[in-house]
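Take the sequence shown: its position 315, counting from 1, is numbered 372 in this note's numbering, and each next residue is one higher.
Every residue gets a Cβ at the ideal spot worked out from N, C-alpha and C, and that includes glycine.
The block underneath contains the structure these notes are about, expressed in structure tokens.
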Amino acid sequence: MDAADAVAGGAGSGGWRRAGIAGAAIGVVAVGAAAGVAVERLTVGRSMRREARLALDVAGPFGELRGTPGTALAEDGTALSYEIDEVAPHGRGAPATVVFCHGYCLSQDSWHFQRAALRGRVRTVFWDQRSHGRSARGAAQSGPDGEPVSIDLLGRDLKAVLDAAAPEGPLVLVGHSMGGMTIMALAEQYPELVRERVAGVAFVGTSAGRLAEVSYGLPAVGVNAVRRVLPGVLRALGSRAELVERGRRATADLFAGIIKRYSFGSRDVDPLVARFAERMIEATPVDVVAEFYPAFAEHDKADAVAGVLAGVPVLALAGERDLVTPRSHTEALAAVLPDAELVVVPDGGHLVMLEHPEAVTEAVEALLARAGLEPRASG
Numbered sequence: 058m059d060a061a062d063a064v065a066g067g068a069g070s071g072g073w074r075r076a077g078i079a080g081a082a083i084g085v086v087a088v089g090a091a092a093g094v095a096v097e098r099l100t101v102g103r104s105m106r107r108e109a110r111l112a113l114d115v116a117g118p119f120g121e122l123r124g125t126p127g128t129a130l131a132e133d134g135t136a137l138s139y140e141i142d143e144v145a146p147h148g149r150g151a152p153a154t155v156v157f158c159h160g161y162c163l164s165q166d167s168w169h170f171q172r173a174a175l176r177g178r179v180r181t182v183f184w185d186q187r188s189h190g191r192s193a194r195g196a197a198q199s200g201p202d203g204e205p206v207s208i209d210l211l212g213r214d215l216k217a218v219l220d221a222a223a224p225e226g227p228l229v230l231v232g233h234s235m236g237g238m239t240i241m242a243l244a245e246q247y248p249e250l251v252r253e254r255v256a257g258v259a260f261v262g263t264s265a266g267r268l269a270e271v272s273y274g275l276p277a278v279g280v281n282a283v284r285r286v287l288p289g290v291l292r293a294l295g296s297r298a299e300l301v302e303r304g305r306r307a308t309a310d311l312f313a314g315i316i317k318r319y320s321f322g323s324r325d326v327d328p329l330v331a332r333f334a335e336r337m338i339e340a341t342p343v344d345v346v347a348e349f350y351p352a353f354a355e356h357d358k359a360d361a362v363a364g365v366l367a368g369v370p371v372l373a374l375a376g377e378r379d380l381v382t383p384r385s386h387t388e389a390l391a392a393v394l395p396d397a398e399l400v401v402v403p404d405g406g407h408l409v410m411l412e413h414p415e416a417v418t419e420a421v422e423a424l425l426a427r428a429g430l431e432p433r434a435s436g
């Protein structure tokens, strides 16, 4: 009996209620981690925690920046939502565009601080990956016979966004986690685009492969056990998404603790920022979590990165305490790219662009300068 059968077999005896609680632990997967983490519980009551979350939702200003909306159509007809922050025209020719690609179970709003810092200074495009944010559910993944997601497919989605939102002019591509993998897939499939238009690439908290070896800070025995059962559990939970979502909401405080552990490296992260990250991850349906997860084990773009991006100015940035894509993966990227600048942010976790926004923004601005695309001075 595999994990999926085990979960389904318990449906008649409270198994699905347990699966609903396990859905909260999918928050671990939502940031690329494994279930079974010990979480330090808050000492206040559940109702007080719920009221605190609601208060943070009202107070948090993050994710409210909006640009000129547009839609690109993927090869399977999926509507991919993007927004453009334009700048006043200057000089001749098409302007340079900085394109931001977000990570797994996040949205374009995860770049809130960088967007605010660059607004009005350089042309930027922010987009939502298929089945995330404001983009449509992946058409190829819908239905009982849906196709699995692949990182190569996401690379082709990015090409569709570039064709629609930035068809001309130099490009700087910025990707976090899955977004960085998306850029690698684009480079592998469209090397001529890189040669002709890409002036710089920023990889933030991402990996070129070997993700199956990541321990997520767990003992070897524990993480190996999780790897064996997690695919089956995810398939089972994804097939009962509505029930699991109810369970995830019911255990939101546990979910929040897991997200905080795997998103941030420092203890004193702003509660508003932590809640903002939690809301983005909460918004990702569990069936989307399930259908994307297997793609990461198959991801291997080390050769493509070394071949296609050689000679392109690259920023390779990692949080020192990233448990999801450890700094060693970023260091490996930098090692194969002679024009890469390695930046390790102290006390930074996986969502380093939210946790230490100034450090990430400064590093991106330095990359733009190296690429000859230095943004205008701020107001």
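Are there three or more Cβ pairs, one per stretch, closer than 8 Å when the stretch 369-378 is compared with the stretch 421-433? In the pairwise beta carbon analysis, the stretch 369-378 is classified as touching the stretch 421-433: at least three pairs are separated by under 8 Å.
Compute the beta-carbon to beta-carbon distance between residue 377 and residue 314, rounded to the nearest angstrom, for a pair I have assumed lies under 8 Å. Not really, about 21 Å apart at Cβ, beyond 8 Å.
Excluding the five sequence neighbours on either side, which residues of its own chain have a C-beta within less than 6 Å of the C-beta of residue 192, listed in chain order? Exclusion of the five residues before and after residue 192 leaves 137, 138, 185 as the residues of its chain whose Cβ lies within less than 6 Å of its Cβ.
If you reduce the DSSP assignment to three classes, tell me which class residue 138 lands in. Secondary structure of residue 138 (DSSP, three-state): strand.
Using a Cβ distance threshold of 8 Å, determine whether the stretch 332-352 contacts the stretch 205-213, with at least three qualifying pairs required. By the C-beta criterion, the stretch 332-352 is judged to be in contact with the stretch 205-213, since at least 3 inter-stretch pairs fall below 8 Å.
Excluding the 5 residues preceding and the 5 following residue 395 in the sequence, name in chain order all residues of the same chain whose CB lies nearer than 8 Å to its CB. Correct list, in chain order: 367, 368.
Beta strand (DSSP E) runs contained entirely in the stretch 186-238, provided each spans 3 or more residues: Counting only unbroken stretches of 3 or more residues, the beta strand (DSSP E) elements lying wholly within the stretch 186-238 are 228-233, in sequence order.
With distances taken from CA atoms, which of 200, 356, 363 is nearest residue 397? The shortest C-alpha to C-alpha distance from residue 397 to any of 200, 356, 363 is the one to 363.
Length of the line joining the Cα atoms of residue 252 and residue 160: Rounded to the nearest whole angstrom, the CA to CA distance from residue 252 to residue 160 is 25 Å.
Can you tell me whether residue 396 is helix, strand or coil according to DSSP? Residue 396 sits in coil when the DSSP states are folded into three classes, being neither helix nor strand.
Beta-carbon separation of residue 164 and residue 120 under 9 Å? Against a cut-off of 9 Å, the Cβ pair of residue 120 and residue 164 comes out as a contact.
So, is residue 227 buried or exposed, given that buried needs 16 or more other C-beta atoms within 10 angstroms? Counting the other CB atoms within 10 Å of its CB gives residue 227 a total of 16 or more, which places it among the buried residues.
Rounded Cβ spacing between residue 140 and residue 183 (contact assumed at less than 8 Å): With a contact defined as Cβ atoms closer than 8 Å, residue 140 and residue 183 qualify at about 5 Å.
Using 9 Å as the threshold, is the C-beta distance between residue 349 and residue 158 below it? In this structure, residue 158 does not lie closer than 9 Å to residue 349 by Cβ.
Using a Cβ-Cβ cut-off of 6 Å (strictly less than) and excluding sequence neighbours within five positions of residue 126, which residues of its own chain qualify? Once the five neighbours on either side are set aside, the close Cβ partners of residue 126 are 140.
Assuming residue 320 contacts residue 407 under a Cβ cut-off of 8 Å, what Cβ separation, rounded to an integer in Å, is found between them? Yes, they are in contact, since the Cβ atoms of residue 320 and residue 407 sit about 5 Å apart, within 8 Å.
Residues near residue 417 in its chain [Cβ-Cβ closer than 8 Å; skip 5 each side]: Once the five neighbours on either side are set aside, the close Cβ partners of residue 417 are 170, 171, 261, 374, 402, 409, 410.
Where the alpha helix (DSSP H) containing residue 418 begins and where it ends: Going by DSSP, residue 418 is part of the alpha helix (DSSP H) stretching over 414-427.
Quick one: what's got a C-beta closer than 6 Å to residue 248's C-beta in the same chain, skipping five residues either side? These residues qualify, in order along the chain: 365.
First and last residue of the beta strand (DSSP E) that includes residue 156? Run containing residue 156: 154-158, per the beta strand (DSSP E) assignment.
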